[in-house]
Each structure stands twice: as structure tokens, then as C-alpha cells.
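This report concerns only the one structure given below.
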Amino acid sequence: MELPNLQVLLLEQLSRIVCFSLGCYDFLFPHLEKLEVFECPKLITKFATTPNGSIRAQSEVSEVAEDSSTGCSAPISTCRTWTRNNGWYVVKEMKEGGEGRWW
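When the letters of the sequence shown are read in order and numbered with UniProt numbering, they come out as residues 1 to 103.
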């Protein structure tokens, strides 16, 4: 399934989300500028960049790479972010006080 108008996707504090859909559906986000996954410890959806720079989300359990730089099964203590200009990066520290957004 292609979502051509989606530009920002933020998945935050979704402790029970496992995947986007049941079955073997791929999602393609051709105009996505930013993807952020924060506190989604059960998420098994794999996010990967395509050769043309789009993001693809795949929910097949057998395809998930836990420690891949393009996978998004990140521990609860991390915030994994992708931007079209900078690629993937992981932020591991939270602001003082333990609440709010990860920086």
C-alpha cells in the first residue's frame, strides 16, 4: 500500500503496538521526510530505505532484523529517527526530569 501524501510519521509511547497490519502488507512512503519511533518496545515492523530514497515498512515477522540499522525494533530506552536528509540515528538520553521528548 502506498501513502503518497504522508510526510511525517511519529510513533510514540505505543507500548502494545506490534505491527501496522496483520498479514504480509508492505507500506511505501515515497514523500516521507521524517519517521520517529519512541517507546514502542513490541514493534516488529521493519523500516528500510529503498534505492530511490523512499521508506518501506514491512510487517513480516521473519523479515525483522533486531539490530539492523534500518530495523525499528528498538529497546524502550531509545528513540530511533530517520530523516530524508540525514538518514537513521538513535538518541539514547532523555531530557532532565525523565519526561517529554527525547533529545
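Yeah, the Cβ is synthetic: ideal placement off N, Cα and C, and Gly gets one too.
Keep in mind it's a predicted model, so treat the numbers as computed, not measured.
Collapsing the DSSP output to three states places F20 in coil.
Contact annotation, Q7 with L32: C-beta distance approximately 6 Å; criterion of less than 8 Å satisfied. Spanning the alpha carbons of T50 and G87 requires a straight line of approximately 12 Å. Contact check for F29 against T45 fails: the beta carbons are separated by 8 Å or more. Across the structure, T81 and Q13 are spaced so that their CA atoms are roughly 14 Å apart.
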